Amino acid sequence: LLETILITSDNALNANQHLEELMSERLLDNAHFVQTLYTQGELTRETLARVVTGNHLSRIAIVSESGRVILSGRESG
């Protein structure tokens with residue numbers, strides 16, 4: 013029984029680590045996509061809001077080097 017619990021715990025930890033890696037990759041993909049839109053001058057508040065909603069994010073904020081929010085999008089509701 014103890015061995016089963018240890019194996020199950022190890023599997024749960026490995027699965028959690030894998031999920032965290034997948035979420036990190038997804039967030040980086042979203043960041044690169046938003047950066048591309050911004051660089052091409054195609055990023056608007058509406059576009060940012062669609063990215064937030066479409067990717068089930070709570071918000072995205074574009075900030076200047078000084079930390080001032082330039083553009084932000086939030087999930088509605």
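Using the numbering used here, you'd call the opening residue of the sequence shown number 13 and step up by one each time. Don't be surprised by glycine CBs; every beta carbon is placed ideally from N, CA and C. Here the structure is a predicted model, which is why all the values come from computation and not from measurement.
**Asked** Unbroken beta strand (DSSP E) runs of length 3 or more, entirely within the stretch 51-83: which are they?
**Response** 71-75
**Item:** Cα-Cα separation between N26 and L40, rounded to whole angstroms
**Value:** Taking the straight line joining both Cα atoms gives about 21 Å.
**Supposed contact pair V46 and L55 - C-beta distance, whole angstroms, cut 8 Å** = Contact flag correct, Cβ pair sits at about 7 Å.
**Message:** V64 and I74 - do their beta-carbons sit closer together than 8 Å?
**Reply:** no
**Request:** Could you tell me the distance, in whole angstroms, from the CA atom of L83 to the CA atom of I19?
**Result:** 47 Å
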